[in-house]
Amino acid sequence: MKVLILNSGVGSRMGVLTSEHPKCMTEISSRETILSRQLKQIADAGIKEVVMTTGKFDSVLVNYCESLDLPIHFTFVKNPIYKDTNYIYSIYCAREYLDDDDIIMMHGDLVFENAVFDKVVNSKESCMTVSSTIPLPEKDFKAVVKDGKVQKVGVEFFNDAMEAQALYHLYKDDWKKWLDKIVEFCEADNTGVYAENALNELNGSADISALDVENLLCAEIDNPEDLAIVSSKLSEIEARTVYMCFSTDMIHSGHIAIIRKAEKLGKLIIGVLSDEAVVSYKRFPLLPFEERKTMFENIAGVYKVVEQKTLSYKENIEKYKPTYVVHGDDWVSGFQKPIRDEVCDILATYGGELVEYPYSRDDKYNELEKRARAELSTPDIRRARLKKALAMKGLVSAMEAHSGLTGLIVENTVVEEHGGARQFDAMWVSSLCDSTAKGKPDIELVDMTSRFRTIDDICEVTTKPIIFDGDTGGLTEHFVYTVRSLERMGVSMIIIEDKTGLKKNSLFGNEVVQTQDSIEHFSEKIRAGKMAQRTKDFMICARIESLILEQGMDDALERAFAFTEAGADAIMIHSRKKDPSEIFEFVEKYREKNQTTPIVVVPTSFNTVTEEEFKARGVNIVIYANQLTRTGFPAMQNAAKTILANHRAKECDDMCMPFKDIIRLIPEE
Ligand code: SPV
Ligand code: MG
């Protein structure tokens with residue numbers, strides 16, 4: 173595609189403004205001339221060929237164009253008799269450069285906003301810009317339009333006419349017909365008329381649509397009054413702002429393309445989603461907020477980058493009052509719809525506009541996303557993420573996983589909520605559930621090799637951080653090896669409980685014989701573990717069983733402070749009471765003296781407390797320790813009974829996951 177700009181005219185109506193250069197070099201702002209603006213728009217649209225007709229100030233114009241240093245190849249064609257002819261003859265002079273391509277044709281005194289040029293360039297049919305909202309001008313161009321098609325163009329038409337500007341996109345076939353007529357006119361010496369007079373003789377056979385740009389700026393500058401009007405409209409346009417929000421940590425060409433489009437609408441403010449919002453909405457960001465912010469600040473065309481703290485745009489739209497909010501059309505339905513609705517409501521309060529572009533999730537994006545997930549699953553990155561999540565969110569939720577399959581459930585389960593999404597932050601590899609899955613009691617019978625095998629299965633198909641239930645930690649001499657093995661696997665935290673001898677599950681309480689370890693001995697184990705660890709990210713959590721074993725609050729607190737002193741990175745306090753008050757009391761008393769060490773709870777019994785309440789009280793990790801096992805088991809038992817009772821599988825079918833879903837459950841690499 174080529175652009176033809178007609179600049180042979182003398183521009184006498186501009187007075188002194190055109191005494192030393194052609195009209196197109198008139199300044200329309202402190203930074204731009206009519207021509208420099210047109211050429212920048214052309215270059216931004218990716219068009220590289222411009223044919224320009226010149227006249228009186230031929231060399232001034234040529235030098236000026238070259239000085240702009242744009243990625244455009246110019247062909248200048250001087251109309252030698254510019255004084256005595258109209259631009260029909262200038263086109264005739266340039267015809268040899270114009271007969272082999274689609275063209276965009278424009279008068280050199282035309283100023284239009286980016287949205288207009290976008291529409292013209294992207295028009296799928298030949299078109300001329302018209303306006304249905306601007307009153308018909310007395311002396312300037314009007315187009316007679318029938319069924320959306322331009323029939324005639326001239327200053328003399330008033331019936332069925334629309335205000336029109338000489339900004340055309342002409343596909344080769346239509347243009348050829350018009351050009352042939354122009355040649356015919358000029359060779360018959362009919363050179364004092366508009367090129368449109370030749371078009372009118374085609375009687376509509378060149379198929380040109382009327383492209384209605386309504387009130388968007390598209391105006392010619394004929395005299396100083398026009399200049400004043402256009403300049404003031406331009407400053408209004410330049411004051412427009414555009415808001416977009418990004419959660420991405422990897423910028424690809426799709427993002428750049430939408431940023432390019434958005435910045436054409438006004439000064440582009442980018443909202444970068446906070447880490448906390450990204451974690452809940454998508455996945456753990458590869459780059460933290462500050463780095464993502466810097467990344468966007470360094471993209472050309474971005475005016476300002478700000479934080480968007482939540483998935484809701486409310487705070488930032490109300491603060492920046494953007495003229496436009498830009499988004500892909502993927503949020504028209506689905507879980508982001510409430511966010512979109514809220515954006516529309518706020519924009520409506522001050523006349524802002526939502527601009528949506530077709531959303532395309534291409535293979536490139538999927539490939540990058542796959543790579544990001546692969547990176548998140550590597551041991552170093554996965555291990556470090558529990559600490560990061562704690563710092564970002566204050567409260568982290570973990571769900572039990574005891575196999576690759578349950579790991580996938582924890583990894584991928586997302587629920588929609590208030591236009592956002594919720595998902596678990598981490599996985600708990602429970603001794604109870606790992607043992608139960610193997611049909612064994614929870615008494616440290618399943619050995620570490622087997623427990624590590626479970627972790628490995630989970631690691632292979634997930635990316636979320638892992639908290640490992642280390643039971644008592646075993647002998648101190650063995651525990652140090654366990655710490656290093658877990659670190660190597662990318663586990664983030666081990667929780668060891670202050671019991672000794674044959675460990676039984678805590679939920680038995682004192683119904684079975686259980687012995688609590690001494691403070692000194694358990695502290696020694698913690699110290700040895702901390703000495704053994706090789707990375708700064710790995711955490712050892714001391715689990716206190718005093719409340720389970722009915723040793724009282726003071727004992728629990730004494731142990732908590734001693735274990736913290738010994739180097740524990742977190743404290744888990746356990747209880748098997750339905751009433752959460754002893755947990756709350758512990759947290760309150762521990763927090764009086766220690767505000768920073770994370771506190772972990774396992775609310776299997778005291779399960780009425782919400783995560784929000786735990787967080788408000790100073791808890792940092794909530795572990796749902798066994799619910800997948802406890803829900804899965806009765807479902808399986810029921811299926812087995814149903815088949816036995818009916819001597820066939822039919823009655824069981826409705827309880828089953830459809831066959832096609834189970835096949836698709838696990839994606840192939
Ligand atoms: C586990 O899940 O194995 C635990 C938590 O240790 S509890 O069963 O509550 O003791
Ligand atoms: Mg356990």
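Residue 173 is where the sequence shown starts when you use my numbering, and the numbers rise one by one after that.
For each residue, glycine too, the CB sits at the ideal point set by N, CA and C.
Small disclaimer: the values here were computed from a predicted structure and weren't measured.
### Task
Out of D502, E297, N294 and V498, point me to the one whose CA is closest to E525's CA.
Counted from its first residue, the sequence shown places residue 525 at position 353. The shortest C-alpha separation from E525 is found at V498.
#### Entry: Ordered list of beta strand (DSSP E) runs contained in the region 740 to 776, each at least 3 residues
Counting only runs of 3+ residues, the beta strand (DSSP E) found wholly inside the region 740 to 776 occupies 742 to 745 and 771 to 773, in chain order.
### L719: CB within 7 Å of a non-hydrogen atom of the ligand MG
On the sequence shown, position 547 is the one that residue 719 refers to. Annotation for L719 indicates a beta carbon at 7 Å or more from all heavy atoms of the ligand MG.
### Message
Does the structure place the region 374 to 382 close enough to the region 402 to 415 that three or more beta carbon pairs sit under 8 Å?
### Response
Short answer: they don't touch.
### Query
For the ligand SPV, is there a heavy atom less than 7 Å away from the beta-carbon of D689?
Counting from 1 along the sequence shown, the entry for residue 689 is found at position 517. False, no ligand heavy atom lies under 7 Å from that Cβ.
### Task
Quick one: give me the first and last residue of the alpha helix (DSSP H) that K476 is part of.
Position 304 of the sequence shown holds residue 476. Element bounds for K476: not the alpha helix (DSSP H) but the beta strand (DSSP E), V474 to Q480.
### Query
Is the Cβ-Cβ distance between N470 and Q480 less than 8 Å?
Mapped onto the sequence shown, residue 470 falls at position 298. Mapped onto the sequence shown, residue 480 falls at position 308. Not in contact: N470 and Q480 (Cβ atoms no closer than 8 Å).
#### Entry: Option in V317, V504, P309 and Y264 with minimal Cα separation from N362
Here the question's residue 362 lines up with position 190 in the sequence shown. The candidate whose alpha carbon is nearest that of N362 is Y264.
### Task
Kindly confirm or deny that the region 418 to 435 and the region 456 to 465 touch, where touching means at least three C-beta pairs closer than 8 Å.
The answer is yes - the region 456 to 465 touches the region 418 to 435, with three or more Cβ pairs under 8 Å.
### Task
Using 10 angstroms around the beta-carbon of F831, count the other beta-carbons present and answer buried if the total reaches 16, otherwise exposed.
Position 659 of the sequence shown, counted from the first residue, corresponds to residue 831. Exposed, since its Cβ has fewer than 16 Cβ neighbours within 10 Å.
### Query
Got a sec? Which residues, its chain only, sit under 8 Å from A449 by beta carbon, not counting five neighbours each side?
Position 277 of the sequence shown, counted from the start, is the residue given in the question as residue 449. For A449, where only same-chain residues beyond five positions count, the Cβ hits under 8 Å are S419, Q480, K481, T482, L483 and G592.
### Query
My guess is that T687 and G701 are in contact by the Cβ rule of under 8 Å, so how many angstroms apart are they, rounded?
Counted from its first residue, the sequence shown places residue 687 at position 515. Counted from its first residue, the sequence shown places residue 701 at position 529. That pair is no contact at about 20 Å.
### Query
Within 7 Å: the Cβ of L674 and any heavy atom of the ligand HEM?
With respect to small molecules bound, the structure shown includes the ligand SPV and the ligand MG and not the ligand HEM.
### Query
Hey, quick one: how far does the alpha helix (DSSP H) through D345 stretch, first residue to last?
As a working mapping, residue 345 is identified with position 173 in the sequence shown. Per DSSP, D345 belongs to the alpha helix (DSSP H) from K344 to E359.
### Task
Check each candidate in L308, K697, C824 and F357 and name the one with the smallest Cα separation from E335.
As a first step, residue 335 is located in the sequence shown; it is residue number 163 there, counting from the start. Comparing Cα positions, the closest option is L308.
#### Entry: Cα-Cα separation, Y453 to V568
The residue given as residue 453 occupies position 281 in the sequence shown. The residue given as residue 568 occupies position 396 in the sequence shown. Cα to Cα, Y453 sits roughly 15 Å from V568.
### Query
What does E221 pair with, by DSSP beta-bridge criteria?
Taking the sequence shown and counting its residues from 1, one reaches residue 221 at position 49. For E221, which the question treats as bridged, DSSP gives the partners K174 and H245.
### Query
Start and end of the alpha helix (DSSP H) containing G161?
Residue 161 is absent from the structure shown; the chain starts at 173 and stops at 841.
#### Entry: Sequence-distant residues of its chain with Cβ nearer than 6 Å to G790 (five each side left out)
Here residue 790 refers to the residue found at position 618 when the sequence shown is read from its first residue. Closer than 6 Å at Cβ, skipping near neighbours: V759 and R763.
### Query
In terms of alpha-carbon separation, which member of S231, L178 and C196 lies closest to V222?
As a position in the sequence shown, residue 222 is number 50, starting the count at 1. Ranking the options by Cα distance to V222, first place goes to L178.
### Query
Comparing the CB of S484 with every heavy atom of the ligand MG, is any distance shorter than 7 Å?
Working through the sequence shown from its first residue, we reach residue 484 at position 312. Not so, every heavy atom of the ligand MG lies at least 7 Å from the Cβ.
### Query
For A266, does the count of other Cβ atoms within 10 angstroms reach 16, so buried, or fall short, so exposed?
Looking up residue 266 in the sequence shown gives position 94. A266 counts as buried, since at least 16 other C-beta atoms from the protein chains shown sit within 10 angstroms of its C-beta.
#### Entry: Per-residue DSSP class, three states only, for Y453
The residue given as residue 453 occupies position 281 in the sequence shown. Of the three classes helix, strand and coil, the one that applies to Y453 here is helix, per DSSP.
### Message
I'd like the span of the alpha helix (DSSP H) that includes T413, first residue to last.
### Response
As a first step, residue 413 is located in the sequence shown; it is residue number 241 there, counting from the start. Not the alpha helix (DSSP H): T413 falls in the beta strand (DSSP E), residues T413 to F418.
### Whole-angstrom distance between S304 and C390, CA atom to CA atom
Residue 390 sits at position 218 when you count from the first residue of the sequence shown. Residue 304 sits at position 132 when you count from the first residue of the sequence shown. For C390 and S304, the distance between alpha carbons rounds to 12 Å.
### Query
Between which two residues does the beta strand (DSSP E) carrying R594 extend?
Translated into positions along the sequence shown, residue 594 becomes position 422. Counted as a single uninterrupted DSSP element, the beta strand (DSSP E) harbouring R594 occupies residues G592 to Q595.
### Query
Do the CB positions of L437 and N331 come within less than 8 Å of each other?
For the purposes of this step, residue 437 is taken as residue 265 along the sequence shown, with counting starting at 1. For the purposes of this step, residue 331 is taken as residue 159 along the sequence shown, with counting starting at 1. With contacts defined as CB atoms closer than 8 Å, L437 and N331 fail to qualify as a contacting pair.
### Message
Just to confirm before moving on: does the CB-CB distance between L342 and D272 stay below 8 Å?
### Response
Counting from one through the sequence shown, the residue named residue 342 turns up at place 170. Counting from one through the sequence shown, the residue named residue 272 turns up at place 100. Note that the C-beta distance between L342 and D272 is not below 8 Å.
### Task
Check whether the Cβ of C417 lies closer than 7 Å to any heavy atom of the ligand SPV, and answer yes or no.
Counting from 1 along the sequence shown, the entry for residue 417 is found at position 245. Taking 7 Å as the cut-off, one finds no heavy atom of the ligand SPV near enough to the beta carbon of C417.
### Query
Could you give the distance in angstroms between the alpha-carbon of F229 and the alpha-carbon of Y259?
By 1-based counting over the sequence shown, the position of residue 229 is 57. By 1-based counting over the sequence shown, the position of residue 259 is 87. Rounded to the nearest angstrom, the two C-alpha atoms are 15 Å apart.
### Query
C605 and T803: beta carbons closer than 8 Å?
Residue 605 sits at position 433 when you count from the first residue of the sequence shown. Residue 803 sits at position 631 when you count from the first residue of the sequence shown. No, the Cβ-Cβ distance between C605 and T803 is not below 8 Å.
### Query
Is the Cβ-Cβ distance between T634 and G645 less than 8 Å?
If you number the sequence shown from 1, residue 634 lands on position 462. If you number the sequence shown from 1, residue 645 lands on position 473. In this structure, G645 does not lie closer than 8 Å to T634 by Cβ.
### Message
Checking the sheet assignment: what are the DSSP bridge partners for K493?
### Response
Reading the sequence shown from its first residue, position 321 is the one you call residue 493. DSSP, once it has assigned bridges, lists no residue as partnering K493.
### Query
Excluding sequence positions up to five away, which residues of its chain have a Cβ less than 8 Å from the Cβ of S695?
As a position in the sequence shown, residue 695 is number 523, starting the count at 1. Once the five neighbours on either side are set aside, the close Cβ partners of S695 are A734, F735, E737 and A738.
### Task
Identify whether K291 lies in helix, strand or coil by the three-state DSSP scheme.
Indexing the sequence shown from 1 puts residue 291 at position 119. Note: K291 maps to helix in three-state DSSP.
### Message
Let me check understanding here. Comparing Cα to Cα, which of I244, L207 and G218 lies closest to T226?
### Response
By one-based count along the sequence shown, residue 226 stands at place 54. It is L207 whose Cα lies nearest to the Cα of T226.
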